[in-house]
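Only one structure is covered here, and it is reproduced in the block below.
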Amino acid sequence: MLALENATVRFGRRAALDAVDLEVADHEIVCVLGPSGSGKSTLLRAVAGLQPLDGGRVLLGGADQAGVPVHRRGVGLMFQDHQLFPQRDVGGNVAFGLRMHGVPKGEQRSRVEELLELVGLPGAARRAVGALSGGEQQRVALARALAPSPRLLMLDEPLGQLDRTLRERLVVELRAVFRRLGTTVLAVTHDQGEAFALADRVVVMRDGGVAQSGTPRDVWQRPASEFVARFLGFANVVPATVTGGTADTPWGGVPVPAGSPQGACRLLVRPSAVRLGPRDVGLPCVVESLTFRGHHVAVRLRPDGAPPLEAECGLRDAPEAGAEVGAAFAAEDVVVLRPDAGD
Amino acid sequence: MRGPASRRGSAVRFALMALPVAFFALFFAYPVASIVGRGLRVGDSWQLGGIAEVVGRPDILQVLWFTLWQALASTGLTLLIALPGAYVFARYDFPGKQVLRAVVTVPFVLPTVVVGTAFLALLGRGGLLDDLWGVRLDTTVWAILLAHVFFNYAVVVRTVGGLWSQLDPRQEEAARVLGAGRFTAWRRVTLPALTPAVAAAALMVFLFTFTSFGVVQILGGPAYSTLEVEIYRQTAQVLDLSTAAVLTLVQFAAVGAILAVHAWTVRRRESALRLVDPAHTAHRPSGAGQWALLGAVLATVVLLIVAPLAVLIERSVDGPGGYGLTFYEALQSAEASGGTFLVPPVEAVWNSLQYAFAATAIALVIGGLAAAALTLPRTSSGGAPRAGRLVRGFDALLMLPLGVSAVTVGFGFLITLDEPPLELRTSWILVPLAQALVGVPFVVRTMLPVLRAVDERLREAAAVLGASPLRAWREVDLPLVRRALLVAAGFAFAVSLGEFGATVFIARPDNPTLPVAVARLLGRPGELNYGQAMALSTILMLVCAAALLLLDRLRPDRSAGEF
Amino acid sequence: MSTTKKITLTALAAALGASTLAACGGSSGDDSAGADGGGSKTVTLVSHDSFNASPAVLKEFTKQTGYTVKVLKSGDAVEALNKEILTKGSPQGDVFFGVDNTTLSRALDNDLFTPYEAKGLERVPEAVRLDKDEHRVTPIDSGDICVNYDKKYFADRKLAPPQSFDDLAEPAYRNLLVVENAERSSPGLGFLLGTAAAYGDGGWQDYWKKLRANGVKVVDSWEIAYNQEFSGSAGGRAAKGDRPLVVSYASSPPVEVLYAKPQPKVAPTGVSTGTCFRQTEAAGLLKGARNEAGGKALLDFLISRKFQEDMPLNMFVNPVAEDAKLPPLFTEFGEVIAEPRTMAPEKIAENRDQWIQSWSSLVLK
């Protein structure tokens with residue numbers, strides 16, 4: 001459906017998109033993930049035609065979009081802060097795209113009803129957009145973007161401004177809606193939880209380029225680089241040297257999965273790879289702090305003369321802050337990372 | 001290195017600018033440059049040496065000095081009198097406030113002939129002051145200063161009061177809670193927030209009074225002459241084009257400087273202020289102090305603004321056999337006016353309306369396109385500070401006609417628009433074109449802030465949903481700016497209706513506008529003529545007042561209007 | 001409604017059209033016959049704001065000649081002439097009406113007119129034929145600038161109104177006279193020239209010193225003098241004017257009658273007949289006129305009896321053609337000015353600027 005070839009956008013000397021190649025298949029939900037300034041919004045704007053390319057191509061359905069104006073690209077875009085038309089009511093907003101495409105009045109009305117039903121706001125057509133809550137506005141924006149049945153729907157931080165519980169609920173709803181309609185979706189977000197919950201495939205961006213692309217499980221389990229690992233929230237990344245089945249790290253020897261590349265590398269130790277035991281077993285540490293995360297506890301450890309280490313354990317097994325413990329490592333949750341290009 | 005689409009963006013901007021630029025080039029820059037050029041050239045060579053000589057002449061120095069000091073004095077006096085008014089209009093609720101706000105704006109669009117006559121009737125012999133205390137101010141500089149206050153009171157009330165009414169009073173309250181006295185709180189919190197608006201208003205008043213023509217001409221008597229009056233005299237009466245050209249350049253430089261400073265204060269004013277709905281800041285006055293202030297402001301308004309207007313009305317009904325509508329009846333027949341008009345004077349109303357409609361249409365198209373071009377988004381954010389500066393320059397350029405003598409423009413038309421396809425000198429279209437020149441700045445000033453406030457991403461949202469750029473403008477911008485557009489149209493209309501300068505300097509076919517008809521009636525002996533002049537002035541005043549009252553209802557609540 | 005719409009649309013179209021045309025930079029030197037050029041049936045008369053003619057009379061002209069008159073009003077007399085000088089060679093119209101003794105030399109020096117001897121000129125007395133040898137201009141009307149007095153004021157005080165320039169300097173008339181600025185107003189200039197004609201090149205300054213000592217008031221325009229300061233006019237009465245003597249026209253008293261409702265039996269004002277300065281006003285065929293034939297026909301018409309008799313009530317001036325009869329209003333309420341002062345245009349041209357300058361330092365400063 002969508003293909004970017006070598007797409008490049010420059011703002012002055014800085015490349016906001018640096019020779020990006022990306023493909024989105026029909027009915028696929030792809031989520032672009034990255035810190036702010038990584039070029040993910042520019043990517044969407046380039047696809048929509050709102051941002052002219054300085055190089056490369058954007059193809060939709062195989063056709064080069066150079067010279068095709070925004071309103072003829074047949075894509076949908078849901079803006080970060082929704083951008084509902086303030087002078088129109090809910091129905092007027094949802095019907096806007098239909099009107100632009102010359103859909104007859106009666107058909108417009110029934111389609112609006114149908115879409116409002118779909119996003120969970122039945123009968124809201126006459127309401128003023130100013131009177132809607134954040135979540136409701138988000139639903140109206142979604143219905144508006146879906147109404148003209150775009151061949152590609154793009155979402156820019158779709159849930160960015162909502163509170164956490166609402167976000168978590170909506171992301172599930174969104175995925176269900178897209179699955180049901182078979183929509184092809186390209187979304188961008190800086191929130192990994194949102195990305196992993198929504199996407200079939202995740203693309204991590206850094207400095208205008210693609211840092212990693214894969215299924216949520218792939219990316220989560222095998223971050224390709226220290227950048228991706230750290231962006232995903234992993235703190236236990238250290239320089240290491242792999243020799244056989246063991247890596248030499250500031251924390252001492254850490255076992256690595258069989259078949260890992262040898263030599264100098266960066267090593268990610270997932271918190272789940274750290275097993276806590278009595279002080280005299282493994283690396284001796286002091287428990288610095290505990291963070292309760294619902295079903296598990298994140299434990300911050302300070303080993304003697306080594307970088308801090310994050311561990312994870314069950315509520316029941318959590319040590320007290322200040323306690324002295326020993327840390328051992330399990331090979332299956334240790335990942336040998338490719339060195340970062342930029343480092 | 002920029003992509004084709006970004007080049008297309010610039011192309012759109014230039015396309016939008018093309019018409020306004022062509023309009024100003026053709027109907028302003030070219031005529032003015034031609035007439036100035038003719039004055040500065042002898043044969044084929046430029047005589048720039050004469051500039052210093054003219055500027056150094058004692059009589060010219062005196063004109064320059066008087067122009068400057070009367071403008072400073074008028075500005076100071078206007079601020080002194082109008083700032084309390086701005087406060088009262090911003091912060092107090094009282095019955096009739098809306099109507100009164102429209103009334104104080106009426107002078108701004110009245111032609112100077114009418115105002116001059118009203119002031120003579122008030123301050124001159126047999127005027128109110130003369131009757132009460134035997135004081136006469138005509139042919140003194142006080143008459144000029146007071147008339148300037150009369151004209152510009154609304155500029156201050158609207159520019160400063162508009163912002164004042166939206167300043168959050170809680171900030172001042174916060175300062176008082178922190179231990180500041182009432183005055184200290186005002187000085188530390190409100191005054192700094194208001195300063196840019198006060199500066200902008202002061203500069204506008206300075207600009208208008210610096211270029212004052214009719215008021216000085218009518219009220220000043222032979223002893224006083226401003227730069228603008230002198231330019232008129234040197235051009236139309238003496239035909240000393242080289243002196244006129246030098247004076248025009250001097251005025252141009254001065255006005256350019258004023259506008260530059262004004263643009264700067266406007267930009268400062270755009271700095272983030274916490275603005276609130278004016279409906280929440282106004283309250284009914286309470287306590288003797290506040291009532292006294294309200295009373296004082298109302299008394300000033302009555303004495304300074306309502307009284308001259310009332311005198312006009314009184315004179316218009318003060319017929320030969322006591323009060324009556326004789327003069328109004330006379331307006332309806334060509335007979336009664338003898339030879340003064342070939343058609344009944346009341347037809348001047350109709351002429352004026354037609355011209356004003358045409359001028360409004362032109363001003364809206366030109367001003368609207370200019371405003372649209374000025375708000376066009378920069379296509380790539382790496383874009384161009386250079387374009388930004390260009391745009392700001394254009395913005396200021398649009399204001400220049402307000403500061404250039406109408407006689408310069410009118411005489412410039414004569415020597416430039418004399419060949420096909422621009423053989424327009426004898427065409428009626430020249431009148432609305434000249435009026436539009438003055439209307440455009442008002443349209444741009446009104447539209448610009450509103451257009452700038454339209455979120456670019458709303459247009460993008462429309463585009464993504466399938467709206468072409470034109471459609472997006474119609475669907476997104478137009479509904480949001482419709483009110484501003486109406487307000488702009490109203491102002492352009494009122495200004496064209498009262499426009500006198502350019503209209504009289506153009507040789508025009510014999511269908512006089514209202515102000516011209518008033519001037520002509522005043523130029524004739526006889527009671528009926530004088531009375532009809534008063535009656536026509538009254539009609540003009542009422543039409544303006546009605547238009548403004550309508551506008552006040554339309555004015556977007558949150559725009560801190562400039563005029 | 002529809003007219004308005006049409007005008008608005010035309011305005012738009014014109015603005016757009018004109019701008020686009022100019023933007024294309026076309027226009028070149030091609031001198032194609034303009035829309036109303038060449039053999040047009042329109043003849044354009046450029047004049048000052050005071051020009052007026054009855055529509056019926058202008059229609060009569062169309063009937064006689066087939067030409068329609070388009071009148072362009074171009075400011076006051078001085079301004080209108082200056083505009084013609086400025087646009088010399090590319091005039092706004094075909095005929096200019098509004099040069100008089102004070103401005104004729106300037107017009108001729110600037111070579112504005114094509115000579116043409118109008119048909120019927122023999123009915124105009126020799127004395128008022130300006131440029132009688134070359135016929136570059138054709139005299140059309142004459143008018144007298146005189147001091148007017150408020151009859152009631154003098155009757156109430158049993159004081160005889162002044163009759164001559166000398167009278168005006170008498171103590172009996174101290175602080176009674178208001179005049180216009182000779183620098184800026186044409187009746188003001190006319191009055192100054194009248195005194196110069198009366199007292200000679202070397203004597204008028206002394207006379208003005210006496211006038212000044214006698215409390216003469218100078219204002220900028222006729223409008224202010226007559227409608228604000230003069231106690232005898234309707235406007236002045238309303239404004240409580242307190243000067244019973246004003247420099248105005250010999251035709252002002254009949255006009256006061258014409259524009260009063262109901263009409264009084266006698267004029268409220270009178271003319272000091274010894275203070276009059278006569279000006280003859282003329283018209284000429286503009287060089288470069290697009291419709292010369294029409295212009296010539298119009299000049300003929302302007303001295304025809306029809307137009308000459310229509311003129312007094314429209315412009316409050318006297319006809320120059322001997323066969324033209326004055327309207328009853330003028331004969332009934334006006335006064336005959338037997339011996340007005342005059343001055344040759346050449347002499348005025350020679351001295352005007354210098355006189356004005358010394359006048360203004362004498363009286364204004």
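Protein sequences appear in the order of chains A, B and C. Here the first sequence is numbered in full-length UniProt numbering, starting from 1 and rising by one per residue. Here the second sequence is numbered in full-length UniProt numbering, starting from 1 and rising by one per residue. Here the third sequence is numbered in full-length UniProt numbering, starting from 1 and rising by one per residue. Every residue, glycine too, gets a C-beta built ideally from N, C-alpha and C.
query                                                                                                                                                : result
CB contact below 7 angstroms: Gly-29 (chain C) versus chain B                                                                                        : Its pLDDT being 34, under 50, Gly-29 (chain C) is placed unreliably in this model, and the value from its coordinates should be taken loosely. No, its Cβ sits nowhere closer than 7 angstroms to a Cβ of chain B.
Alpha carbon of residue 571 (chain B) to alpha carbon of Ala-359 (chain B), nearest angstrom                                                         : The shown model of chain B, from 1 to 563, leaves out residue 571 (chain B), and the question about it has no answer.
Below-7 angstroms beta-carbon distance, Asn-318 (chain C) vs any chain B residue                                                                     : no
For Val-438 (chain B), three-class secondary structure by DSSP                                                                                       : helix
Buried or exposed by the 16-neighbour rule on C-beta atoms within 10 Å, applied to Lys-105 (chain A)                                                 : exposed
Selected residue, minimal CA-CA separation from Ser-358 (chain C), among C:Ser-248, C:Leu-108, C:Asn-181 and C:Leu-45                                : C:Asn-181
Pairwise C-alpha distance: Ile-539 (chain B) and Lys-347 (chain C)                                                                                   : 47 angstroms
Contacts around Gly-181 (chain B), its chain only, beta-carbon distance under 6 angstroms, and the 5 residues preceding and following it disregarded : none
Bridge partners - Val-30 (chain A), DSSP secondary structure assignment                                                                              : A:Leu-186 and A:Arg-201
Where Trp-65 (chain B) falls: helix, strand or coil (DSSP)                                                                                           : helix
is_contact[His-101 (chain A), chain B] using C-beta, thresh 7 angstroms                                                                              : yes
Per-residue contacts from Asp-455 (chain B) into chain A (C-beta, under 8 angstroms)                                                                 : Gln-83
Residue from B:Ala-29, B:Ile-506, B:Gly-124 and B:Ala-363 whose Cα sits closest to the Cα of Ala-239 (chain C)                                       : B:Gly-124
Near-chain A residues of the region 162-182 of chain B (beta-carbon distance less than 7 angstroms), N- to C-terminal order                          : none
Outcome for Leu-433 (chain B) when other beta-carbon atoms lying within 10 angstroms are tallied against a minimum of 16                             : buried
For Val-46 (chain C), the three-state DSSP class (helix, strand or coil)                                                                             : strand
CB contact check: Glu-527 (chain B) to chain A, cutoff 7 angstroms                                                                                   : no
Assigned exposure category for Lys-40 (chain A) - 16 Cβ within 10 Å defines buried                                                                   : buried
Contacts that Pro-320 (chain B) makes with chain C (C-beta to C-beta distance below 9 angstroms)                                                     : Ala-234, Ala-260, Lys-261 and Pro-262
Same chain, Cβ closer than 7 angstroms to Thr-67 (chain B), five either side skipped, listed in chain order                                          : Phe-210, Thr-226 and Leu-227
Neighbour-count burial assignment, Ser-231 (chain C), 16 or more Cβ in a 10 Å radius                                                                 : buried
Beta bridge counterpart(s) of Arg-57 (chain A) as assigned by DSSP                                                                                   : A:Glu-5
Closer than 7 angstroms to chain D by CB, Gln-237 (chain B)                                                                                          : The chain inventory of the structure shown lacks chain D, comprising the protein chains A, B and C.
Interface flag, Asn-82 (chain C) vs chain B, CB-CB below 7 angstroms                                                                                 : yes
Separation of Ala-307 (chain B) from Ala-472 (chain B), as counted between CA atoms                                                                  : 49 angstroms
Within 7 angstroms, strictly: CB atoms of Ile-337 (chain C) and Cys-276 (chain C)                                                                    : yes
Where the alpha helix (DSSP H) containing Gln-137 (chain A) begins and where it ends                                                                 : 134-146
Closer than 8 angstroms at the beta carbon, the chain A residues around Arg-187 (chain B)                                                            : Simply none; closest approach about 37 angstroms.
Contact set between the region 471-494 of chain B and chain A, restricted to residues whose Cβ is under 8 angstroms from the partner                 : Arg-471, Ala-472, Glu-475, Val-476, Pro-479 and Leu-480
C-beta atoms of Pro-268 (chain C) and Phe-333 (chain C) nearer than 7 angstroms                                                                      : no
Residue burial classification, Trp-69 (chain B) (beta-carbon count within 10 angstroms, cutoff 16)                                                   : exposed
Residues that Val-75 (chain A) contacts on chain B, provided the C-beta gap is smaller than 7 angstroms                                              : Val-464
Within chain A, partners of Glu-460 (chain B) - CB distance below 9 angstroms                                                                        : Arg-45, Ala-48, Leu-50, Val-70, Leu-77, Phe-79 and Gln-83
Same chain, Cβ closer than 7 angstroms to Leu-132 (chain B), five either side skipped, listed in chain order                                         : none
Partners in chain B for Pro-148 (chain A), counting only beta-carbon separations shorter than 9 angstroms                                            : Leu-465 and Gly-466
Arg-182 (chain B) (DSSP reduced to helix, strand or coil)                                                                                            : helix
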